[in-house]
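*Asks:*
In the working numbering, the protein residues as written are 204 to 495.
Pasting the structure below:
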């Protein structure tokens with residue numbers, strides 16, 4: 204995540220504080236338009252063909268499309284107990300700049316996918332022998348909001364939430380469930396011949412994919428690192444097999460295999476930076492390669 208640190212040092216002042224509140228306000232406005240005047244709402248969607256004909260405001264206004272159910276009770280519950288709490292929690296953890304970058308990257312990836320899909324299909328798709336125009340209704344911030352939850356679950360995997368306001372469950376398990384639902388949606392669209400519906404889903408979650416991969420320790424899968432660990436284990440096994448001579452010892456160096464029986468003046472210490480209980484003699488305590 205070093206590149207994000209550099210961006211934050213240079214452009215950190217452009218982070219938008221309380222961005223979640225502005226997102227919620229957009230959802231409320233979009234929900235009201237859905238019931239008061241759906242025609243106006245349709246003029247604000249992410250429709251590439253209309254954008255290319257001069258309606259450039261659609262690049263921004265499509266974000267007011269409310270995600271999820273049209274039931275007013277469910278909408279209020281989702282805003283009060285899902286979208287707003289998880290958004291503010293992630294913003295407090297990451298800071299305004301990182302949170303703003305995360306949200307806007309999801310929006311930008313979705314816009315890019317809309318243009319790619321338009322140029323690939325020409326704005327029309329054929330399903331069951333019938334040709335349909337690709338409208339802006341397939342684009343919303345639902346999966347971008349879902350990516351916020353997934354990011355919070357990765358940040359706090361052991362945090363517990365109340366499922367149905369009653370059952371305590373870890374965020375990590377909730378994330379596994381939602382990932383399974385998302386994958387099911389994607390494969391269902393592809394299997395049903397509606398592959399173009401899967402494109403916005405993947406694009407909306409690219410910000411989470413990048414974040415997830417950036418926070419993983421992928422170095423341990425490096426072939427050189429794997430080979431180094433194998434050589435280290437062989438050396439440790441060999442040193443243990445050739446020392447001790449049947450006598451019980453309290454200390455043994457993980458590198459050279461020496462114990463307190465070899466030299467009573469030797470000092471032994473455990474390394475706090477190694478992943479596991481590895482003890483080293485005074486000659487190798489500061490010179491060994493740390494086990495990760």
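Note that the Cβ used here is the ideal one computed from N, Cα and C, for glycine as well.
Using 8 Å as the cut-off, can you tell me whether the stretch 226-237 makes contact with the stretch 309-323, which would need three or more C-beta pairs spanning the two stretches below that distance?
*Replies:* At 8 Å Cβ cutoff, the stretches do not touch.
*Asks:* Round the Cβ separation of residue 269 and residue 342 to the nearest angstrom and send it over; I've been treating them as touching at under 8 Å.
*Replies:* Contact doesn't hold; Cβ gap of about 13 Å is too wide.
*Asks:* Can you give me the Cβ contacts of residue 410 inside the same chain, cut-off strictly under 7 Å, excluding the 5 residues immediately before and after it?
*Replies:* Excluding positions up to five away in sequence, the list reads 305, 308, 309, 312, 350.
*Asks:* Residue 245 and residue 326: beta carbons closer than 9 Å?
*Replies:* Cβ atoms of residue 245 and residue 326: not closer than 9 Å.
*Asks:* Is residue 253 helix, strand or coil by DSSP?
*Replies:* Reduced to three states, the DSSP call for residue 253 is helix.
*Asks:* Hey, is residue 223 close to the ligand GDP, as in C-beta under 8 Å from one of its heavy atoms?
*Replies:* Here there are no bound small molecules, and the ligand GDP is not part of this structure.
*Asks:* DSSP on residue 302, reduced to helix/strand/coil?
*Replies:* In this structure, residue 302 counts as helix in the three-state DSSP scheme.
*Asks:* Is residue 371 helix, strand or coil by DSSP?
*Replies:* Residue state, collapsed to three classes: strand.
*Asks:* From the DSSP output, read off the bridge partner residues of residue 213.
*Replies:* BP columns for residue 213 are empty, so no partner.
*Asks:* What's the gap between the Cα of residue 228 and the Cα of residue 365?
*Replies:* Roughly 25 Å separates the two Cα atoms.
*Asks:* Using the DSSP secondary-structure output, state which residues sit across from residue 328 in a beta bridge.
*Replies:* DSSP, once it has assigned bridges, lists 335 as partnering residue 328.
*Asks:* Residues in the same chain with beta-carbon distance under 6 Å from residue 353, minus the five sequence neighbours each way, listed in chain order, please.
*Replies:* These residues qualify, in order along the chain: 378, 411.
*Asks:* Hey, out of 298, 321, 479, 371, whose CA is closest to residue 252's CA?
*Replies:* Cα-wise, what sits closest to residue 252 is 321.
*Asks:* Among residues of its own chain, excluding the 5 on either side of residue 336, which ones have a beta-carbon nearer than 7 Å to its beta-carbon?
*Replies:* So the qualifying residues of the chain are 326, 327.
*Asks:* Classify residue 476 as helix, strand or coil using the three-state DSSP reduction.
*Replies:* In the structure shown, residue 476 sits in coil (DSSP, three-state: anything other than H, G, I, E or B).
*Asks:* Given a cut-off of 9 Å, decide if residue 283 and residue 355 are closer than it, judged by their beta-carbon atoms.
*Replies:* No, they are not a contact pair.
*Asks:* Alpha carbon to alpha carbon, how far is residue 369 from residue 285?
*Replies:* Each residue's Cα considered, the two are about 15 Å apart.
*Asks:* Check each candidate in 491, 485, 275, 296 and name the one with the smallest Cα separation from residue 476.
*Replies:* Here the closest residue by C-alpha is 491.
*Asks:* So what's residue 488 in DSSP terms, helix, strand or just coil?
*Replies:* Residue state, collapsed to three classes: coil.
*Asks:* Just curious, the alpha helix (DSSP H) that residue 224 is in, first and last residue?
*Replies:* Element bounds for residue 224: 222-239.
*Asks:* I'd like to check one pair, residue 329 with residue 407: are the Cβ atoms closer than 9 Å?
*Replies:* Not in contact: residue 407 and residue 329 (Cβ atoms no closer than 9 Å).
*Asks:* From this set, 486, 348, 362, 452, which residue's C-alpha is nearest residue 287's C-alpha?
*Replies:* For residue 287, the nearest C-alpha among the options comes from 348.
*Asks:* Among the residues of its own chain, which have a CB less than 7 Å from the CB of residue 453, if the five just before and after it don't count?
*Replies:* Counting only Cβ-Cβ distances below 7 Å, and skipping sequence neighbours, we find 463.
*Asks:* Could you have a look at residue 364 and say whether DSSP puts it in helix, strand or coil?
*Replies:* Correct three-state label for residue 364: strand.
*Asks:* What residue range does the alpha helix (DSSP H) around residue 288 cover?
*Replies:* Unbroken alpha helix (DSSP H) run through residue 288: 287-297.
*Asks:* Here's the rule I'm using: 16 or more other beta-carbon atoms within 10 Å means buried, otherwise exposed. How should residue 247 be labelled?
*Replies:* Classification for residue 247: buried.
*Asks:* Quick one: residues in its chain with C-beta nearer than 7 Å to the C-beta of residue 487, no 5 flanking neighbours on either side, listed in chain order?
*Replies:* Taken in chain order, the residues that qualify are 456, 458, 459.
*Asks:* For residue 223 versus residue 294, is the C-beta distance shorter than 9 Å?
*Replies:* It is a contact, given that the beta carbons lie within the stated cut-off.
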